[in-house]
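Mapped onto this note's numbering, the consecutive letters of the sequence shown carry residue numbers 99 to 461.
One structure below.
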Amino acid sequence: MHTEKIVRSYQYRVIPNSATKEFLLKCFKDYRRFYNICLYWHNQHHMDYDGYNMFHRLFNYCLKQQETQDFIKTPRCVFQSAFDRLRKASKTHDVKTRKHDDDRKLTFGKRQKEYKIRGKYLYLTGFPRLKLRWSRPLPEGAHIHNVILSKTNNKEFYVSFVISFLSKKDSAPTEKKVGIDMSLQHLCVLSEGIKLDYIHPFEKISEKLAKKQRELQHREKGSKNFQKTKACLSRYHLNAKRMRDDYIEKLTTKLAKEYQMIAIEDLDVKGIAKEYGKGVNDDSFYQIKYRLNEKMIEYGHQLVVIDRYYPSSQICHNCGYRYRETKDIHIREWTCPHCGETHDRDVNAAKNILKEGERIVSY
């Protein structure tokens, strides 16, 4: 039995009523305002962020100012989260003023008393109870490290639990192995000959996006119609992202469960996108590799990444002869001059990737 400690983030949708939604929006707004006040004091007075005393001084200063007296109605942990975020950013020199739409994440729950879970509800200190849509249960025995409350452009709220748990999976539930070639004509091709097509969510809504972008250009910035059009654009992008993420999650879960070892090539996605266009970015090759790696670890299986310069498309998997003419990406089928075997370009590449992966593992 294979046991390994795994850190994951489980996200759930918050279903607020009108009063709770208004309260949450105020919390995010006050978070941004306090962040910018702290940043101003740091820049003007060369103030350090060390210690609780500095946070206490700044918070009391804000309560005495006319424009920030309403901070008293917001839970103090919101301002502590902003102060901690700024202190962390100052150490990495990633400090900048937060704009009105750049207030999308609050972190709570580093101490156990800051949150409680009872049934469908989450209780955060100083907040009204938050009803969550529990799309899946938390893993048994999971330890919650912190709770992150986030907001989308469409004013939807989500709660993410950063947890760690012990994954107990059989280290050898299957002996199946597969090589995966990332193709331009298909999403990926398996060494078994299976070709998986991609849904291209942004390509499907490209005309709607272009139309709304043109509308936005003719709207007066800051007007109600401008905000409506901008919100509509955000919904299009969010729906496309959800379609893509859902497809990738289902695909990578299926592959991780089914195969003991997977070999995949390390692609230069930026270089490919420059040559073959934005459709490559829509394929999300990096996200597929990243999620596949996480799930292979979780199931106790092995992911082998092949060097990007390995000529998988040029080598005959039957006899090992290297046919350099296949550097031309437009050649989809070719016959080996040495053994006479006819190859599908992508399937042959996937078989070579599998062979190279097996060689690396056995080395």
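Glycine included, C-beta positions come from ideal geometry on N, C-alpha and C.
Contact annotation, C160 with T166: C-beta distance approximately 4 Å; criterion of less than 8 Å satisfied. Its chain contains F324 as the residues whose beta carbon lies nearer than 7 Å to that of E318, once the 5 sequence neighbours on both sides are disregarded; these appear in chain order.
The stretch 433-448 makes no contact with the stretch 393-404, as fewer than three CB pairs between them are under 8 Å. The beta carbon of I404 lies closer than 8 Å to those of A361, I362, E363, D364, S410, I451, E454, G455, I458 in the same chain, with the five residues before and after it left out.
When rounded, the separation of the alpha-carbon atoms in E347 and D279 is 18 Å. Our two residues, Y421 and I303, have alpha carbons roughly 40 Å apart in a direct line.
Of the residues assessed, I386 falls on the buried side of the cut-off, its CB having 16 or more other CB atoms within 10 angstroms. Taking a C-beta distance under 8 Å as the contact criterion, F300 and V245 do not qualify as a contact pair. Within the same chain, and ignoring the five residues on either side of H241 in sequence, the residues whose Cβ sits closer than 8 Å to its Cβ are I261, S262, F263. For the pair K124 and I104, the Cα-to-Cα distance works out to about 35 Å.
Annotation note: the stretch 103-171 contains the following uninterrupted alpha helix (DSSP H) runs of length 4 or greater, listed N- to C-terminal: 116-143, 150-162. Just measuring C-alpha positions, the residue of S332, T351, P114 sitting nearest F255 is P114. DSSP places S248 in the uninterrupted beta strand (DSSP E) bounded by 241-249. Distances from the CA of F181 to each of W232, D128, D168, G217 were compared; the closest alpha carbon is that of D128. Taking C-beta separations shorter than 6 Å and ignoring five residues to either side along the sequence, the partners of F132 in its chain run F177, A180, following chain order. Contact annotation: R406 and T424 have beta-carbon atoms that are not nearer than 8 Å.
Counting only runs of 3 or more residues that sit fully inside the stretch 299-354, no beta strand (DSSP E) segment turns up. The C-beta of H154 has fewer than 16 other C-beta atoms within 10 Å across all chains shown, which makes the residue exposed. The alpha carbon of L247 has as its nearest neighbour, out of K203, Y221, S281, the alpha carbon of K203.
In the structure shown, E273 falls within a coil segment according to DSSP collapsed to helix, strand and coil. When rounded, the separation of the alpha-carbon atoms in L282 and D366 is 13 Å. Exposed is the label assigned to Y384, since fewer than 16 other Cβ atoms lie within 10 Å of its Cβ. With contacts defined by Cβ atoms closer than 8 Å, L122 and I135 do not form a contacting pair. C-alpha of H298 to C-alpha of M341: approximately 9 Å in a straight line. Residue state for Y384 is assigned as helix, using DSSP reduced to three classes.
Between Q358 and K275, the CB-CB gap stays under 8 Å. Taken through DSSP and simplified to helix, strand or coil, I429 comes out as coil. Apart from the 5 residues on each side of it in sequence, A338 sits with its Cβ closer than 7 Å to the Cβ of P299, F300, I303 in its chain, given in chain order. Here L228 is near L220, since their CB atoms are less than 8 Å apart. R231 is bridged by DSSP to R111. A buried status is given to N446, since no fewer than 16 other beta-carbon atoms sit within 10 Å of its beta-carbon.
Excluding sequence positions up to five before and after Y334, its CB lies within less than 8 Å of the CB of I303, K306, L307, K310, all in the same chain and listed in chain order.
In the three-state scheme derived from DSSP, where H, G and I count as helix and E and B as strand, E238 is classed as coil.
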